[in-house]
Amino acid sequence: MKDRSTLKWIYNQSKAQLPVIVLLAVFRCTITVLGVVFALYSKTVIDAAVSKDFDGLVRAAVSLAGIIVLQIILRLIGQAVEAHIGAKLILRLRNNIFTSILKKDYSAATSYHSGDILTRINHDTSIVSNGIMSLVPSVMALLVGLVYALYSLTRLDRNFAFIFLFGGILLLLVISAFRKVLKRTHKRVQETEAKVRSFFQESLGSLLMIKVFGIEQKMSQRAASLQDDNYKAQMTRRNLTIFSTSGLSMVFSAGSFYALVWSAYRLFMGTISFGTLTAIIQLVNQIQTPFASLSGVVPQYYSIIASAERIIEIDTLPEEKEEHALLEPVAAYKKLKQLRFENLSFGYGRDIVLENADLTVEKGDFAVIGGISGIGKSTLIKLLLGVLEPQQGKILLEMSGETVETGKFARPLFSYVPQGNLLLSGTIREAISMVKPEATDEEIMKAAEISCAADFIRKLPEGLDTYIGEKGMGLSEGQVQRLAVSRAILSDAPVILLDEATSALDEATEEQLLKNIRALENKTCVIISHKRAAFDICNKHIYIENKKIRVVENEM
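First residue of the sequence shown? That's 783 in my numbering, and the numbers climb one at a time after it.
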């Protein structure tokens, strides 16, 4: 039943390519049929040579040459089409799963390691894509070739054909018995590969820490251990393949031996011609080839199913709720009176962070959230943004004439600078303007002035075209923080959320940056900080203590 739903998903993903897949199947079937026809014409060639029929020999030889040329042409066209459409299909699959992940519930999506998700996006999509493009045409060609070859063999020697057919069916039953093992071993390979990728990804991202603590050897040993697990999983899968291939090889060798001896005996008895013996041996090969290929098709099929299930697992994660259309931020902010948290409770598993907490942030407030690390400050911001959902209570937007519960639809009201800043690699212009791609250089630099980033940008040889690497590589942490604040300012959202966004700045720069933001018109700002400058500039001090929220008004 599960395989059926997986096949349905595969069909939905590939139905746009269905006409091309059918065309490839026609090409493969034609090539296979031509192989059987070649075997039959070889009988004509040999019989003509034995009987000294020169004209018949020439005609049969020309026909054989035509068959070979046609097979080559069809193979070349089929390979070109398969490569072209296969590349498109894999891009579509990868884009679909990436887009799907972006729409998933934040908690659900982040429960998977990014390395695991990357393995599913890259490796599993490749397996599914290659399988879609090759499996159906291959199976169709194998079945057509098998039926036609058996039919032709029956016409030459009925008893021999029936014995061979019985052996082939028995062989397929043995192969199908391995289906669960094949599926399980493929999943194990993909899972261990994901762990290796995740470890490498995290280690390379923490290279400085590894060097500082001198744990290169330990990390190398850990990598070797993870790769050893992956190696063992691959060897298990490979050993199954070797076992099945060796068994098939023995069976086929026995079949070829039987065909040769049986046909030689019939030739000795004078009941068949030398050409018929040649044709029988070639037809036996035509039959053995489909059976041999089917032995590879079965593992491939279950690899495709297993990889598709891993993709579906991500694709079926719960999506973010979209109960309302996105707010228009300017119009919504004009109507906004306050942000209100009512009887709010939230926790991670058994770790309760907030319990029956209440908070009101008035429009125009500059509020700072303080408290010890891990107390729930960033969680409060994520709840406000709707990426986390309260387990109890509500987060409300008090508007003129209405009160609405916040969620994804309210995000246009907010700009956000998270811990870590999250700058993508690219130019400084691209890093700042990603929230507003149409922004002019003048608008970008105006935002940079407010965030105290303009001076250092101008001093860079390439200015806004300066390339920054992964995680802001090439810039100091303070510079990266200021670029992240520039991005938030450029978005022009009326409510600014800063999560430790000035932690790496010197006191004077931090104070000037916060004063610049304070001077902006029609803004509300919520800052998470442990530093004095934020508390001095904010009119509202918010403390999270014992899972409750305490507010202290600061006279400005």
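A virtual CB, placed ideally from N, CA and C, is assigned to each residue, including glycine.
Check: Residue from Gly-927, Arg-1211 and Thr-812 with nearest C-alpha to Tyr-1376; Outcome: Limits of the chain in this structure are 783 at one end and 1338 at the other, which puts residue 1376 out of reach.
Check: Beta-carbon proximity of Pro-1194 to Leu-1109, cut-off 7 Å; Outcome: yes
Check: Segment contact flag, the segment 1093-1100 with the segment 921-930, C-beta cutoff 8 Å, min 3 pairs; Outcome: no
Check: Runs of alpha helix (DSSP H) wholly within the segment 863-900 (minimum 4 residues, chain order); Outcome: 888-891
Check: Reduced DSSP category for Glu-1124 - H, G, I as helix; E, B as strand; rest coil; Outcome: strand
Check: Residue from Lys-1176, Val-1199 and Met-915 whose Cα sits closest to the Cα of Thr-1188; Outcome: Lys-1176
Check: Burial state of Leu-860, where buried means 16 or more other Cβ atoms lie within 10 Å; Outcome: Just to set this straight, residue 860 is Gly in the shown sequence, not Leu. Classification of Gly-860: buried, given that the 10 Å Cβ count is 16 or more.
Check: Neighbourhood of Arg-979 by C-beta, 7 Å cutoff - its chain only, sequence neighbours within 5 removed; Outcome: Gly-897, Leu-900 and Thr-901
Check: Contact between the segment 1115-1131 and the segment 805-814 (3+ Cβ pairs under 8 Å); Outcome: no
Check: Cβ shell of Ile-997 (< 6 Å), same chain only, five flanking positions each side left out; Outcome: none
Check: Beta-carbon proximity list for Glu-1231, same chain, < 8 Å, skipping 5 on both sides; Outcome: Asn-1298
Check: Under 7 Å between C-beta atoms of Lys-1145 and Thr-892; Outcome: no
Check: Residue environment, Gly-868, which counts as buried when at least 16 other CB atoms sit within 10 Å; Outcome: buried
Check: Reduced DSSP category for Gln-795 - H, G, I as helix; E, B as strand; rest coil; Outcome: helix
Check: Where the beta strand (DSSP E) containing Asp-1140 begins and where it ends; Outcome: 1133-1144
Check: Sufficient close CB pairs (3 or more, under 8 Å) joining the segment 1225-1243 to the segment 1160-1175; Outcome: no
Check: 7 Å Cβ shell around Leu-740 - same chain, five flanking residues per side excluded; Outcome: Since the displayed the chain opens at 783 and closes at 1338, residue 740 lies outside it and no answer follows.
Check: Cβ separation of Lys-1000 and Ala-1149, assumed to be a contact under 8 Å, to the nearest whole Å; Outcome: Going by Cβ atoms, the distance from Lys-1000 to Ala-1149 rounds to 44 Å, so no, they are not a contact pair.
Check: Neighbourhood of Leu-1042 by C-beta, 8 Å cutoff - its chain only, sequence neighbours within 5 removed; Outcome: Ile-1063
Check: DSSP three-state assignment for His-1106, whether helix, strand or coil; Outcome: coil
Check: Cβ pair Ala-1270, Ser-1197 closer than 7 Å; Outcome: yes
Check: Where Met-1227 falls, given that 16 or more other Cβ within 10 Å makes a residue buried; Outcome: buried
Check: Best match in Leu-1179, Met-1051, Val-1080 and Gln-1003 for proximity to Phe-982 [C-alpha to C-alpha]; Outcome: Gln-1003
Check: Rounded straight-line distance, which links the Cα of Val-1079 to that of Phe-1050; Outcome: 39 Å
Check: Whole-number beta carbon distance between Ser-1233 and Ser-1182, since they are thought to touch under 8 Å; Outcome: So it is not a contact: roughly 32 Å between Cβ atoms.
Check: Spatial neighbours of Thr-967 in its chain, beta-carbon cut-off 8 Å, leaving aside the 5 residues before and after; Outcome: Ala-1015, Thr-1018, Arg-1019 and Leu-1022
Check: Inter-stretch contact at 8 Å, needing at least 3 Cβ pairs: the segment 1279-1294 / the segment 1123-1130; Outcome: no
Check: Terminal residues of the alpha helix (DSSP H) in which Phe-1148 lies; Outcome: Segment 1148-1152 is the beta strand (DSSP E) holding Phe-1148; no alpha helix (DSSP H) there.
Check: Proximal residues to Leu-1287 (C-beta, below 6 Å), its chain only, five neighbours per side dropped; Outcome: Gly-1260
Check: Meets three-Cβ-pair contact criterion under 8 Å: the segment 906-918 and the segment 873-881; Outcome: yes
Check: Nearest-angstrom Cα separation, counted from Glu-984 out to Ile-1368; Outcome: With the chain covering only 783 through 1338, there is no way to say anything about residue 1368.
Check: Cβ distance (whole Å) where Lys-885 is taken to contact Glu-1101 below 8 Å; Outcome: 5 Å
Check: Contact set for Thr-1209: own chain, Cβ-Cβ below 6 Å, skip 5 residues either direction; Outcome: Asp-1247 and Tyr-1249
Check: Trp-791 versus Ile-1086 - alpha carbon distance; Outcome: 12 Å
Check: Contact belief for Arg-1092 with Gln-972 at Cβ below 8 Å, rounded distance in angstroms; Outcome: 6 Å
Check: Own chain, CB closer than 6 Å to Asn-1125, minus 5 neighbours either side, in chain order; Outcome: Asn-1138 and Gly-1175
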